[in-house]
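Residue numbers (this note's numbering): -5 to 268. Read the structure below first, then the notes.
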Ligand SMILES: Nc1ncnc2c1ncn2[C@@H]1O[C@H](COP(=O)(O)OP(=O)(O)O)[C@@H](O)[C@H]1O
Ligand SMILES: [Mg+2]
């Protein structure tokens, strides 16, 4: 398969990633799962790359490897050209700050005992933010469309959509260059999904943030992505510009994915433009 070409400046490069999980069953028999089997792609500055594919196809594992939460069995993740495993000191800190994540379930990703203000301020403290915390907090809430009084609330006092906005504000607090979005809409009502898609797109446009959108939701892909990489059985089987992917999918698996997507009429009813 042809490698993904990008005119954008390279931010994160993933080269031939493999991940095998070794498990024991109840009878002490060992077996292994090849979750990721040779995945390569590049995320450019200020672009949204969708990593699409069936459940169990290794997408989350790739995201976790990029975030340093999982070690690859082999392969390399590069940040601005440097192998992330070789980063030390200031460069390691810079990487941890530069790449943030928003996950599927805002409820379990927010500490229920912390107020929203403290949840969003935590990265400011971790990354020793030097400006005024109150002003920064107010600005972050404004960016994600929440009013200032949210700082006093606890997660259980917010709706699902509001909690996801808090998770986004927390990710933005680190002033990241890239955010990994792992199924960021799946837990939300459809009308809220549309609002959050609009928010992501404005973050890309106004703040130049790159997104790796991990999803099986082609509606979100259509509304957000610049390019699409399709995973199937732990590999990338197709990598295209968005329009080419939707108009002329090459791989049979991509074609079967597209057969299940809502019509353009349906998307327009949801006020999603393509
Ligand atoms: N920590 C783990 N231990 C064992 N198996 C895992 C672990 N994480 C993921 N897997 C397995 O790896 C495969 C890929 O999972 P995942 O990356 O979550 O796929 P996706 O996000 O595409 O649904 C699945 O078969 C899953 O069960
Ligand atoms: Mg997943």
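Backbone N, C-alpha and C define an ideal beta-carbon position, used for all residues, glycine too.
For residue 176, the uninterrupted beta strand (DSSP E) run begins and ends at 172 to 176, by DSSP. Less than 9 Å separates the beta-carbon of residue 205 from that of residue 198.
Listed in chain order, the non-local C-beta contacts of residue 109 below 8 Å within the same chain comprise 145, 146, 147, 148, local neighbours out to five positions each way being set aside. When beta bridges are read from the DSSP output, residue 224 appears opposite 46, 232.
Around the beta carbon of residue 63, fewer than 16 other beta carbons sit within 10 angstroms, so the residue counts as exposed.
The closest CA to that of residue 50, considering only 231, 225, 248, is found on 225. Under the three-state reduction of DSSP, residue 67 is assigned to coil, being neither helix nor strand. Going by DSSP, residue 12 is part of the beta strand (DSSP E) stretching over 4 to 18.
Where residue 163 is concerned, the enclosing alpha helix (DSSP H) starts and stops at 154 to 167.
Residue 42 places its beta carbon less than 9 Å from that of residue 220. Taken atom to atom, the span from the alpha-carbon of residue 157 to that of residue 83 is near 33 Å.
Membership of residue 28 in the beta strand (DSSP E) is indicated by the continuous run 24 to 38. The closest CA to that of residue 74, considering only 66, 68, 93, 67, is found on 93. Distances from the CA of residue 207 to each of 172, 133, 238, 26 were compared; the closest alpha carbon is that of 172. Taken through DSSP and simplified to helix, strand or coil, residue 121 comes out as coil.
Annotation: the continuous alpha helix (DSSP H) that includes residue 188 extends over 184 to 201. Nearest Cα to residue 34 within the set 139, 95, 117, 228: 228. Short of 6 Å from the beta carbon of residue 81, and not among the five residues preceding or following it, lie these beta carbons of its own chain, in chain order: 89. As the crow flies, the alpha-carbon of residue 136 is around 20 Å from that of residue 175. Remark: C-beta atoms of residue 168 and residue 97 do not approach each other more closely than 9 Å. In its chain, beyond the 5 residues on either side, 121 have a beta carbon closer than 8 Å to the beta carbon of residue 87.
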